[in-house]
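Chains as they are written, first to last, in numbering that gives the first Met the number 0: chain A, 0 to 549; chain B, 0 to 212. What follows is a single structure, written as structure tokens, with notes after it.
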Amino acid sequence: MSANLVELARRAGAPGGPTAVEQLAQVAAQRGEVTDEDIRAVAARTGLPEAAVYGVATFYEDLHAARGRRHVRACTGTACFAATGGAHLGALADGLGVEPGERSADGELSLAQTTCLGFCHSAPAIRDGDTVDAGPGALERVLAGRTRQATEPPARSLLPEPVLTAPGDWEGLRAALGRSAPQELLDEVLAADLRGRGGAAFPAGRKWQFAAGATGERRYIVANGDEGDPGSYIDKHLMEHAPDLLLEGMALAGYAIGASEGFVLVRSEYPASRLALEAAAQRARERGLLGEDILGSGLRFDVTIVEGAGSYVVGEETALLACLQGLRGTVSARPPFPAERGLYGMPTVVNNVETLCNVPFIAARGAAAYRALSPGASAGSKLVCFNERFRRPGVVEVSFGITVRELCEEVAGGLADGQHLKAVQIGGPLGGILPARLLDTPLDFEPLAAVGCMVGHGSIVGFDAGTDMRDLARHLLRFGADESCGKCFPCRIGLRRAHAMVAGPGVIDRERLEALLETLELGSLCAHGGGMPAPIRSLIAHFPQELGLT
Amino acid sequence: MTRLTVDGESVEVEPGTTVLEAARAAGSEIPTLCFDERLASFGACRVCLVGVAGAPAPLAACTTPCAEGMQVETRDPAAQRVARAVVELVLSELAEPPAPHTELAALARRLDVGEPRWPGAVHAPDDDLRHPYLALRHGLCISCGRCVRACDEIQGAFALTATGRGFQANVAAGIDAGFRDSACVSCGACADTCPTEAITEISLLHLAESATI
Chain A
0 MSANLVELAR
10 RAGAPGGPTA
20 VEQLAQVAAQ
30 RGEVTDEDIR
40 AVAARTGLPE
50 AAVYGVATFY
60 EDLHAARGRR
70 HVRACTGTAC
80 FAATGGAHLG
90 ALADGLGVEP
100 GERSADGELS
110 LAQTTCLGFC
120 HSAPAIRDGD
130 TVDAGPGALE
140 RVLAGRTRQA
150 TEPPARSLLP
160 EPVLTAPGDW
170 EGLRAALGRS
180 APQELLDEVL
190 AADLRGRGGA
200 AFPAGRKWQF
210 AAGATGERRY
220 IVANGDEGDP
230 GSYIDKHLME
240 HAPDLLLEGM
250 ALAGYAIGAS
260 EGFVLVRSEY
270 PASRLALEAA
280 AQRARERGLL
290 GEDILGSGLR
300 FDVTIVEGAG
310 SYVVGEETAL
320 LACLQGLRGT
330 VSARPPFPAE
340 RGLYGMPTVV
350 NNVETLCNVP
360 FIAARGAAAY
370 RALSPGASAG
380 SKLVCFNERF
390 RRPGVVEVSF
400 GITVRELCEE
410 VAGGLADGQH
420 LKAVQIGGPL
430 GGILPARLLD
440 TPLDFEPLAA
450 VGCMVGHGSI
460 VGFDAGTDMR
470 DLARHLLRFG
480 ADESCGKCFP
490 CRIGLRRAHA
500 MVAGPGVIDR
510 ERLEALLETL
520 ELGSLCAHGG
530 GMPAPIRSLI
540 AHFPQELGLT
Chain B
0 MTRLTVDGES
10 VEVEPGTTVL
20 EAARAAGSEI
30 PTLCFDERLA
40 SFGACRVCLV
50 GVAGAPAPLA
60 ACTTPCAEGM
70 QVETRDPAAQ
80 RVARAVVELV
90 LSELAEPPAP
100 HTELAALARR
110 LDVGEPRWPG
120 AVHAPDDDLR
130 HPYLALRHGL
140 CISCGRCVRA
150 CDEIQGAFAL
160 TATGRGFQAN
170 VAAGIDAGFR
180 DSACVSCGAC
190 ADTCPTEAIT
200 EISLLHLAES
210 ATI
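Written as structure tokens, this is what we have:
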């Protein structure tokens, strides 16, 4: 990203004020579209050049789609695909009389696609304004103008004592401030072997160590709440039902590395998450748990909640920082890593929401207790979530090492209506697809990698026998191409071409497809282009005939 | 100083030197497309991929800093395969082949890139000829970001921006109003760096020629 643009924004008063992305999003939400005049006004307020703000306005989904007074968004995530094969979008367009991406001539109504609303437990999901309806009858209710907020199944824990499924109590911060120096907390997190829960599984303690050792006027903690993986609603659950756990984890990270400011980037597809976090932060300030002189210890730490504007790739850490600075959410080459040069050029820890939610337990109970949560496997507690195809969907807290079969058959109760499980996709769109015959694979980083899959965000999307695997490939690559940030050439062009190869009706030339997948895997700048081939590789390996390969 | 080998040749470089700079110093030529030595490395095109011993996948030479003991192989087969495929993809997004004298055409000849294996949608022609000295042909843009960076880093005019995302990514001057209604100062840095002639200078000679026809 341009160092000059970042500096211009900084001189105009950032960080602190609303970013260019947030200001444009507010205009789009209030007035239905962003005009040239709005772009000039936002440029003047943020210190950014007009052209740069225009570039921002053309990048994010929420900023360039014209909205009617009633704005309806159909979730086109993978769980909704598994539920309807995508039919709900067409039915919604027919019923409303507006095509996806369009606004009615009288400006009354507009329809858009969105991926994903995080109501995968009761798909298909439809957002009408800020109300999300989901599951059986949702389509009919939205068409009849009787949209109602969907309920969410309560989270369950299979651990003897819940770690991530209990609301935070700030005991970890009290313990750390009361008896350990920042370095001791950092050592404890390193010893706990806490690996990142956002997909890359990088040890959190090492990130902290790098940031603590880097030079800069100040340091920042950034929580990545842009859980864009279709099928995953784990971070959504944490932000809405355990926001204190996240805020406490951030304060602990700030204490450990010497940062006094934190940011949470929440995706706009989760309207309730931002509200829950802001309310929790306000309560925490009132209780002296955030702000100046926390609990009388002299520690200063506060958190700002920032909303995204519709981009999957913003979940990648350099793109996330670009978005937080109000810029186009494109990926930057690493090094420099954010720990060395991140937000506004300062050392920055970017951790996933669930990763940070694990920290209070480590601070309160120690690394040994944390590792003991998953005996004989990767350390700690893990949240998984199931899609609507299962009998008991929802968020469940488990130990690493449990097999995917136990998860699907016992924990989630198998598929509803006696359906036969054909395959599962674990960890989001960049995760491989596990056919039913490999269900005995343990849920853990290395065993899943060995079968071309990953833990990812921990989502488990089950497909029943009725799912057409060529349709699934089409669905996934369409998502991949739509969400490419457009910076690196393999992803920008390659995903479009890969989608075209599977979208047509004919047989697919396997050699040409595999050469394209290799270009994406080895050539892409980030995990989006690099990871999108993983599920396609799985389909080639396990369902070659259904895919229609030569 | 940092010591490494490039294609078996030992090289000693200042800390912070990129693999691309070290390779060029050692006499190994690495093809590039989004790179311009006047601008900060961008890492978008992936044409400068090289093999590095111990790395799980090829690395972009322009954004990878040299490390002590690094062994760089500029002719790594996987890296070369991917670089060629990328140029093939780039050619496939243009409605017509690039003019023979452009940097992109020269690169395609050098890498011996043939017919695209993955044909498909191309960028629609959309010419902006409103400015007296600069022409912007969106259909020839390959989103390498060189013009945007030149405007930002060389001139500091910030008249250009990347637009859209994915396959629709392109560039715009001002609020897509063209160079004339932007902060453009007609310095020509964008046209100078463009590898496809998506941005060209309209010289007085051209104007004189068209006037006589």
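Even glycine gets a Cβ: it sits at the ideal position worked out from N, Cα and C. As the structure is a computational prediction, the values presented were derived from the model and not from experiment.
Proximal chain A residues relative to residue i, where beta-carbon distance stays under 7 Å
i	result
Phe166(B)	Ala480, Arg491, Ile492, Arg495
Pro64(B)	Pro334
Leu159(B)	Ala50
Ser142(B)	Gly485, Arg491
Which of helix, strand or coil DSSP assigns to residue i
i	result
Ser179(A)	coil
Gln22(A)	helix
Leu95(A)	helix
Ser121(A)	helix
Ile141(B)	coil
Ile539(A)	helix
Pro153(A)	coil
Glu160(A)	coil
Tyr269(A)	coil
Arg286(A)	coil
His240(A)	helix
Thr34(A)	coil
Leu442(A)	coil
Phe201(A)	coil
Ser91(B)	helix
Pro76(B)	helix
Thr77(A)	helix
Asn386(A)	coil
His527(A)	helix
Phe336(A)	coil
Thr63(B)	coil
Buried or exposed by the 16-neighbour rule on C-beta atoms within 10 Å, applied to residue i
i	result
Pro48(A)	buried
Asp35(B)	buried
Gly522(A)	buried
Arg72(A)	buried
Ser202(B)	exposed
Ala241(A)	buried
Val121(B)	exposed
Gln424(A)	buried
Gly257(A)	exposed
Ala191(A)	buried
Ser9(B)	exposed
Gly171(A)	buried
Under 9 Å by beta carbon: chain B residues contacting residue i
i	result
Leu553(A)	What is shown of chain A runs 0 to 549, which leaves residue 553(A) out entirely.
Cys484(A)	Arg164, Gly165, Ala168
Residue i: contacting residues in chain A (beta-carbon distance under 8 Å)
i	result
Val81(B)	Pro489, Glu517, Thr518, Leu521, Gly522
Arg45(B)	Cys487, Phe488, Pro489, Gly522, Ser523, Leu524
Ala190(B)	Ordered by position in chain A, no residue passes the 8 Å Cβ test against Ala190(B), which lies about 17 Å from the chain.
Under 9 Å by beta carbon: chain A residues contacting residue i
i	result
Ser181(B)	Glu49, Ala50
Leu48(B)	Leu521, Gly522
Bridge-paired residues (DSSP) for residue i
i	result
Gly144(A)	Beta-bridge pairing links Gly144(A) to no other residue.
Asp463(A)	Leu420(A)
Lys554(A)	The structure shown does not extend to residue 554(A), since chain A is modelled only from 0 to 549, so the question has no answer here.
Leu548(A)	Ile507(A)
Gln208(A)	DSSP, once it has assigned bridges, lists no residue as partnering Gln208(A).
Gly224(A)	Val265(A)
Gly50(B)	Glu72(B)
Pro434(A)	Ala422(A)
Arg72(A)	Ala111(A), Arg126(A)
Contacts of residue i in chain B (Cβ-Cβ under 7 Å)
i	result
Ile38(A)	Ile174
9 Å Cβ cutoff, residue i in contact with chain E
i	result
Ala60(B)	Absent from the structure: chain E. Protein chains present are A and B.
Contact list for residue i against chain B, beta-carbon separation under 8 Å
i	result
Gly573(A)	Not covered by the structure: residue 573(A). The range shown for chain A is 0 to 549.
(message) Measuring CB atoms only, is the segment 63–77 of chain B touching the segment 5–13 of chain B, in the sense that at least three cross pairs come out at less than 8 Å?
(response) Below 8 Å, enough C-beta pairs join the segment 63–77 of chain B and the segment 5–13 of chain B to call them touching: three or more.
(request) Answer yes if the segment 316–332 of chain A comes into contact with the segment 16–26 of chain A, meaning at least three C-beta pairs across the two stretches below 8 Å, and no otherwise. (result) Contact check between the segment 16–26 of chain A and the segment 316–332 of chain A: three or more CB pairs, one atom from each, fall below 8 Å, which counts as touching.
(request) Inspect the CB distances between the segment 22–30 of chain B and the segment 44–60 of chain B and report whether three or more fall short of 8 Å. (result) Using a Cβ-Cβ distance cut-off of 8 Å, the segment 22–30 of chain B and the segment 44–60 of chain B are in contact, since at least three pairs of beta carbons, one from each stretch, lie closer than that value.
(message) Under 8 Å, with one C-beta from each stretch per pair, do the segment 505–512 of chain A and the segment 345–359 of chain A reach the 3-pair mark?
(response) Segment contact: the segment 505–512 of chain A against the segment 345–359 of chain A, fewer than three CB-CB distances shorter than 8 Å; contact not assigned.
(request) Determine, using beta-carbon pairs with one atom in the segment 449–466 of chain A and one in the segment 491–502 of chain A, whether at least three such pairs fall under 8 Å. (result) With contact defined as three or more Cβ pairs closer than 8 Å, the segment 449–466 of chain A and the segment 491–502 of chain A are not in contact.
(request) Pair every Cβ in the segment 406–413 of chain A with every Cβ in the segment 172–190 of chain A, then say whether three or more of these pairs are closer than 8 Å. (result) Touching, no, given that fewer than three Cβ pairs across the two stretches are closer than 8 Å.
(message) Closer than 8 Å is the cut-off here; do at least three beta carbon pairs connect the segment 336–348 of chain A with the segment 205–218 of chain A?
(response) Contact annotation: the segment 336–348 of chain A touches the segment 205–218 of chain A, with at least three C-beta pairs closer than 8 Å.
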